[in-house]
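Colleague: There's a structure below that I have some questions on.
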Amino acid sequence: MSKEGWIPITTVTGSGNPASIDITSIPATYAHLCLIGNMASTRATVMESFEMQFGSPSIDTGSNYQWQRLGFSNNTTVNGYRNTGQSSMYLLSSLGTTVSTTTDPMVECMIFGYADTSRYTNIWAKGGYGISTSYGSSKLWVGTWGDTSAVSALRVTAGTGNFTTTSRLTLYGFKA
């Protein structure tokens, strides 16, 4: 009998402080994917945006992504964004090392129908961090890769910095 539910496919880390992390050879045997983990940047700036791209198998760096995000920062600020025609999708904001070297923001990103070539690949994600009782950030977002190719690879990029060695991402596949 085949195993059902969420099955770990691979875990990757920020070993060596890479600028991007690729997950390749993603099997087309699952209904959906889920990317879960924590990411932090080596960049000293206050904020760093992590981004994601898909491929089949080459990573698509064209203007084929769109995403919307809504979130709260510091318990009071509400912000919302919508971007179309982008070369990647927003994945998570991270703190710079000038703010915290002990907080790695967490992300959970659902990737729906990634192997279904009759429609675009869509994501739904949530993530955030808390530094103290008075400062943190929480965001929800959705995105679309405007290509009907089956996703067999994905890339996560650390904005203009690099991943810290404490960064860790696990890709799961869902079998119904």
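Just so we're aligned: the sequence shown equals residues 3 to 178 in this note's numbering.
Even glycine gets a Cβ: it sits at the ideal position worked out from N, Cα and C.
What's the call for G64, buried or exposed, on a 16-neighbour Cβ count within 10 Å?
Modeller: Exposed.
Colleague: Considering only the alpha carbon of each residue, which of V109, S89, M112 and A127 lies closest to G57?
Modeller: Selected option, being the one with the closest Cα: S89.
Colleague: Please list the terminal residues of the continuous beta strand (DSSP E) segment that includes P10.
Modeller: G7 to T15 is the extent of the beta strand (DSSP E) around P10.
Colleague: Mapping the DSSP letters down to three states, classify M41 as helix, strand or coil.
Modeller: Coil at M41, not helix or strand.
Colleague: Just grab the DSSP bridge partners of N85 for me.
Modeller: Answer is W69, bridged to N85.
Colleague: Near T167, what residues of its chain come up, given a Cβ to Cβ distance below 8 Å and the 5 sequence neighbours on each side ignored?
Modeller: T15, G16, S17, G18 and N19, listed in sequence order.
Colleague: If you draw a straight line from the C-alpha of G115 to the C-alpha of A178, how long is it?
Modeller: In a straight line, the C-alpha of G115 is about 12 Å away from that of A178.
Colleague: Hey, L41 and S75 are a contact pair by Cβ (cut 8 Å); roughly how many whole angstroms apart?
Modeller: In the sequence on display, residue 41 carries Met and not Leu. Contact doesn't hold; Cβ gap of about 17 Å is too wide.
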